[in-house]
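Number of protein chains: 2
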Amino acid sequence: MLSNTEENYLKALLYLTADETGKKEAGTNDLAVHLGLKPATVNDMLKRLKEKAYVSYKKYGKISLTRTGREIAVFVMRKHRLWETFLCEVLEFSWDEVHEVAEQLEHIQSDKLTERLDRFLNYPDYDPHGDPIPKPNGRMPPRATTLLSSVALYQSCTVAAVKDTSPVFLQYLEQLSIGIGTKIKVLEKISFDSSMILQVGKGRITVSEKFANSLLVDGQ
Amino acid sequence: MLSNTEENYLKALLYLTADETGKKEAGTNDLAVHLGLKPATVNDMLKRLKEKAYVSYKKYGKISLTRTGREIAVFVMRKHRLWETFLCEVLEFSWDEVHEVAEQLEHIQSDKLTERLDRFLNYPDYDPHGDPIPKPNGRMPPRATTLLSSVALYQSCTVAAVKDTSPVFLQYLEQLSIGIGTKIKVLEKISFDSSMILQVGKGRITVSEKFANSLLVDGQ
DNA sequence: AAATAAAGTTAGACTAACCTAACTTTATTA
DNA sequence: TAATAAAGTTAGGTTAGTCTAACTTTATTT
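Printed below as a string of structure tokens:
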């Protein structure tokens with residue numbers, strides 16, 4: 001049985017290496033930054049995780065998860081996202097509050113609890129941020145890949161997920177009445193700064209490039 | 001913020017000192033036995049807890065919780081019993097399975113979570129074993145105090161709580177179709193071994209003295 | 001390609017939470 | 001009440017997980 005700390009290292013490694021931004025490997029430093037620890041600390045832990053065959057790397061080389069390591073990390077992610085869903089949908093937390101609590105709940109060790117929670121939530125495919133919830137076998141529902149910023153002029157789309165889950169962004173979305181499933185039409189693209197004018201419901205709003213790069217949408 | 005371990009010491013102390021069996025103080029050894037640790041280990045921790053003013057004792061003397069220490073322990077108990085209720089009533093765990101998982105869940109730090117869970121469960125007064133759930137202010141609903149063994153001949157009563165929460169006893173109760181709220185009538189008391197013959201629903205069963213001392217009931 | 005910067009590793013130290021072994025104090029009992 | 005047993009404490013050791021400071025290796029840049 002892994003400690004919470006070990007699980008967090010594997011989760012961080014999954015995040016860093018399964019990053020859709022391309023890179024499939026992570027270094028000691030990346031991990032240290034992501035976990036808020038010192039490289040020396042991470043180095044120590046990596047030795048132990050390598051010993052236990054959860055990660056694989058050569059000295060001074062890049063780190064990757066082994067099959068077992070990845071399975072564990074995916075399972076922790078599954079629990080995290082199920083709990084986030086529970087907190088939002090059942091206990092009516094707002095979506096900017098759930099992450100911190102789910103960070104704790106994801107480490108509860110009880111397969112029965114996880115599966116019953118999944119059943120109670122009616123086997124959801126996506127969490128409140130639109131992130132896919134891994135199934136018990138480790139498979140993931142497809143993830144939306146289209147950025148709002150890449151939607152063509154006059155096209156309509158539906159918000160599928162948020163790329164940025166920081167409370168400040170989520171609260172801003174709330175304020176704009178934008179959530180998962182919200183329909184958006186691109187009315188104008190300002191070439192000067194790549195900002196966009198959008199139709200949301202009956203209103204129109206202007207959003208920055210950064211904003212448009214933080215929302216994932218489904219076509220039409 | 002206390003560690004899980006520290007919370008467990010306070011909880012154990014609450015259990016040992018708030019024991020309705022009379023004694024209001026506990027010793028290093030009692031704690032060690034209850035927690036499955038060595039007296040030396042407990043001694044170390046007690047020094048820290050005293051330092052932090054959660055417990056009070058003099059060298060070689062008995063240990064008791066301070067006001068703050070008791071408040072924390074009661075709050076952990078509140079969370080434990082709310083989670084047990086959630087697991088049984090919402091996720092359909094059986095009452096012999098909930099304890100182990102609740103031992104983990106009770107340490108989740110989020111007041112909002114606790115209060116929302118309470119609300120979702122409709123502010124229950126008792127957990128699945130009939131134990132009172134402390135309110136946010138620390139007050140407890142009244143606890144049943146009458147043992148089945150002390151019920152007079154030909155009297156009826158209602159099961160209010162179990163004194164023994166071991167899976168083996170709980171499963172036996174299940175087998176006998178006895179749960180919280182079950183109505184029981186005392187048909188006969190065998191003076192030889194203090195066993196009792198009971199009416200439960202339409203059937204009659206014979207139970208041992210040990211059994212009759214493990215069930216708490218409400219009058220009539 | 002040599003100099004410099006960045007990334008990674010090692011050594012030594014600290015705290016929390018556990019242990020064993022030896023010792024001291026308090027309680028029990030012959 | 002003196003001997004013995006039980007309870008409690010101290011000293012010193014272990015592991016997990018963190019740190020700083022110094023060092024080595026790899027990557028970058030001129």
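Top to bottom, those sequences are chains A and B. Just so we're aligned: the first sequence equals residues 1 to 220 in full-length UniProt numbering. Just so we're aligned: the second sequence equals residues 1 to 220 in full-length UniProt numbering. Note that beta-carbon positions come from the ideal geometry of N, C-alpha and C, so glycine has one too. Keep in mind that this is a model prediction, so the values were computed, not measured.
Looking at the secondary structure, which residues open and close the alpha helix (DSSP H) in which D193/B lies? First-last for D193/B: undefined, no H or E at that position.
Using only the alpha-carbon positions, how far apart do L91/A and K163/B sit? Computed Cα separation, rounded: 32 Å.
Chain A contacts from the segment 82-108 of chain B (Cβ-Cβ distance under 9 Å): Going along the segment 82-108 of chain B in chain order, one finds L87, V90, L91, E92, F93, E97, E100, V101, Q104, L105, H107 and I108 with a Cβ nearer than 9 Å to chain A.
Spatial distance of Q109/B from Y15/A (CA atoms): Going by the C-alpha atoms only, they are around 25 Å apart.
Limits of the unbroken beta strand (DSSP E) element including K38/A: Judged by DSSP secondary structure, K38/A falls outside any beta strand (DSSP E); it is assigned neither H nor E.
In chain order, what residues of the same chain lie with their CB nearer than 6 Å to the CB of T28/A, ignoring the 5 residues before and after it? Cβ contact annotation for T28/A (same chain, cutoff 6 Å, sequence separation greater than five): P39, V42 and N43, in chain order.
Rounded straight-line distance, which links the Cα of Y126/B to that of I72/A: Distance between the alpha carbons of I72/A and Y126/B is about 36 Å.
Nearest by alpha-carbon distance to T17/B: which of T5/B, G36/B, L49/B and V55/B is it? When each option's Cα is compared against that of T17/B, the closest is V55/B.
Which chain A residues sit within Cβ distance under 9 Å of R116/B? Ordered by position in chain A, the residues that pass the 9 Å Cβ test against R116/B are L87, V90, L91, E92 and F93.
Consider the C-beta atom of D44/A and the heavy atoms of the ligand PLP; say whether any pair is separated by less than 6 Å. The ligand PLP is absent from the structure shown, which contains no ligand whatsoever.
Does the beta-carbon distance from L148/B to V217/B come in below 7 Å? Cβ atoms of L148/B and V217/B: closer than 7 Å.
For G130/A, which residues does DSSP report across the bridge? According to DSSP, which records beta bridges pairwise, G130/A is partnered with nothing at all.
If you count every other CB in all the chains shown that lies within 10 Å of the CB of D193/B, and 16 or more means buried, which is it? By the neighbour-count criterion, in which a residue is buried when 16 or more other Cβ atoms sit within 10 angstroms of its Cβ, D193/B is exposed.
Between the CA atoms of T5/A and E25/A - distance to the nearest angstrom: So the alpha carbons of these two residues sit roughly 20 Å apart.
Who are S150/A's beta bridge partners in DSSP? Looking at the DSSP assignment, S150/A forms no beta bridge with any residue, so it has no partner.
Identify whether R204/B lies in helix, strand or coil by the three-state DSSP scheme. DSSP places R204/B in strand when its eight states are reduced to three.
If you measure between the beta carbons of I205/A and L198/A, is that distance less than 7 Å? Taking 7 Å as the Cβ cut-off, I205/A and L198/A qualify as a contacting pair.
Check whether V74/A and L87/A have beta carbons under 7 Å apart: No, they are not a contact pair.
Hey, R48/B and I133/B: beta-carbon distance below 7 Å or not? Taking 7 Å as the Cβ cut-off, R48/B and I133/B do not qualify as a contacting pair.
In or out: L153/A buried (at least 16 other Cβ within 10 Å) or exposed? By the 10 Å Cβ count, L153/A comes out exposed.
Pull out every residue of the UniProt domain "HTH dtxR-type" (1-66) of chain B whose Cβ sits closer than 8 Å to any Cβ of chain A, in chain order. The UniProt domain "HTH dtxR-type" (1-66) of chain B vs chain A, Cβ under 8 Å: nothing.
How many angstroms separate the CA atom of Y172/A from the CA atom of V200/B? For Y172/A and V200/B, the distance between alpha carbons rounds to 60 Å.
Less than 7 Å between CB atoms is the rule here; does L113/B satisfy it with respect to chain A? Judged by the 7 Å Cβ criterion, L113/B is in contact with chain A.
Hey, would you say I180/B sits closer than 7 Å to G130/B, going by beta carbons? Yes; because the gap between Cβ atoms is below 7 Å, this pair is in contact.
Do A12/B and L31/B count as a contact pair if the criterion is CB distance below 7 Å? Their beta carbons are under 7 Å apart, which means L31/B touches A12/B by this criterion.
K183/A and S156/A look like a contact to me (Cβ under 8 Å); what is the Cβ gap, rounded to whole Å? Going by Cβ atoms, the distance from K183/A to S156/A rounds to 6 Å, so yes, they are a contact pair.
Alpha carbon to alpha carbon, how far is N213/B from Q104/B? Give it in angstroms, no decimals. For the pair Q104/B and N213/B, the Cα-to-Cα distance works out to about 29 Å.
Just to confirm my understanding: we take I178/A, look at its own chain, exclude 5 residues before and 5 after, and list those with CB closer than 7 Å. What are they? Only V159 and V200 meet the Cβ criterion.
Looking at C-alpha atoms only, which residue of E209/A, L170/A, S3/A and L176/A is the closest neighbour of S191/A? For the set E209/A, L170/A, S3/A and L176/A, the Cα lying nearest the Cα of S191/A is the one of E209/A.
Is there a Cβ from chain A that is less than 7 Å from the Cβ of F75/B? Residue-level contact check: F75/B does not touch chain A, since none of the beta carbons of chain A fall below 7 Å from its beta carbon.
Beta bridge counterpart(s) of E188/B as assigned by DSSP: Paired residue(s): I197/B.
Under 6 Å Cβ to Cβ from K79/B, same chain only, skipping five residues before and after it: list those, please. Correct list, in chain order: E106 and T114.
Looking at C-alpha atoms only, which residue of Y57/A, A102/A and T68/A is the closest neighbour of N137/A? When only C-alpha atoms are compared, the closest one is T68/A.
Taking Cβ-Cβ distances below 7 Å as the criterion, which residues of the segment 120-142 of chain B are in contact with chain A? Under the 7 Å Cβ criterion, the segment 120-142 of chain B contributes F120.
Measuring only between beta-carbons, confirm whether S166/B sits less than 7 Å from chain A. No, S166/B lies away from the interface with chain A (no Cβ there is under 7 Å from its Cβ).
So, does the CB of S110/B fall closer than 7 Å to a CB anywhere in chain A? Yes, because at least one Cβ of chain A sits closer than 7 Å to the Cβ of S110/B.
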